[in-house]
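Data first, discussion second: the structure below is written as structure tokens.
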Amino acid sequence: MSEKTLMDHAMGIRTRAHAPYSGFQVGAAIRAASGSIHTGVNVENAAYPEGICAEAGAIAAMVAAGDTVIAEVAVVGDAPDPVTPCGGCRQKIAEFAPKGTKVTMGNLAGDEIVMTIEELLPHAFAKAQMES
Ligand code: THU
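With the numbering used here, letter number 88 in the sequence shown gets 88, and the count goes up by one each step, no holes.
Okay, here's the thing in structure tokens:
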């Protein structure tokens, strides 16, 4: 049997999402430079804007586990087209993802789009801009 892809990990975790308000469950998986895989799901609550995205959860799990370099990301939801990370999550991914890092976006039908982090967030605001 072939090895699980990062998208398989994102798909596998997705149904643990707590999304009773939107009804839209999202799964995310990160492969860190160390090789470790970290997963996350969206977690909503009754104060709607306080919910967190699946990507943010995966990043938090990654940092808590001691990894700080993202090698690859996968995100998936039940949508007609592949689910793309929101603007805030693009910034959160960019914090830990070197240029060229691939983000694979998918849906349950198996459609996939692969883009680099700089394609998803061109001209990203970064630490270097605060250095005078
Ligand atoms: N959501 C994610 O978790 N990741 C994305 O990339 C897009 C949106 C969540 C946030 C909210 O819980 C639900 O999907 C609907 O916006």
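Positions of the beta carbon are idealized from the N, C-alpha and C atoms, including for glycine.
Neighbour-count burial assignment, residue i, 16 or more Cβ in a 10 Å radius
{"i": "I13", "result": "buried"}
{"i": "L108", "result": "exposed"}
{"i": "I30", "result": "buried"}
{"i": "P122", "result": "exposed"}
{"i": "V114", "result": "exposed"}
CB contact flag (residue i, residue j, <8 angstroms)
{"i": "A33", "j": "A74", "result": "no"}
{"i": "M7", "j": "T104", "result": "yes"}
{"i": "G40", "j": "A54", "result": "yes"}
{"i": "I52", "j": "V63", "result": "no"}
{"i": "A17", "j": "H38", "result": "no"}
Residues near residue i in its chain [Cβ-Cβ closer than 8 angstroms; skip 5 each side]
{"i": "E131", "result": "none"}
Contacts around residue i, its chain only, beta-carbon distance under 7 angstroms, and the 5 residues preceding and following it disregarded
{"i": "F96", "result": "I59, T68, V69, I70"}
Contact set for residue i: own chain, Cβ-Cβ below 6 angstroms, skip 5 residues either direction
{"i": "D78", "result": "L108"}
Fill in: Chain-ordered list of residues that sit, by beta carbon, closer than 6 angstroms to a heavy atom of the ligand THU
A19, S22, F24, V26, N42, E44, G51, C53, A54, E55, V75, V83, P85, C86, C89
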